[in-house]
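Take a look at the structure set out below.
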Amino acid sequence: VLGWNLFKLAEPKRPLKPRRKERKKVTAQNLSDGDIKLLVNIIRGYDIPVRRPYT
1 VLGWNLFKLA EPKRPLKPRR KERKKVTAQN LSDGDIKLLV NIIRGYDIPV
51 RRPYT
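Pasting the structure below:
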C-alpha cells in the first residue's frame, strides 16, 4: 500500500484527464425536498438572448 501511494505521488498530473473519486451512495428514500443543491458554472456563452425590462 505504501509503495502504491508513493507511485501515485510521482506520476505526472494530467489536468485534462482528472481522476475519478469514489463518492458515498445516497439512497432516494433518504432525500427530501431541499436536500439537493445543484451548482452550475458557465464558462462561455454565444448568442444568448437578453430580457429587456418592460416600460
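Quick note on UniProt numbering: the sequence shown kicks off at 1 and runs consecutively.
C-beta atoms are modelled at their ideal positions from N, C-alpha and C, and glycine is treated no differently.
Values in this document were obtained by computation on a predicted structure and should not be read as measured data.
- DSSP places residue 45 in the coil class of the three-state scheme, outside both helix and strand.
- Residue 19 and residue 45 have their C-alpha atoms spaced approximately 27 Å apart.
- Shown here, residue 39 sits in coil according to DSSP, grouped into three states, outside any helix or strand.
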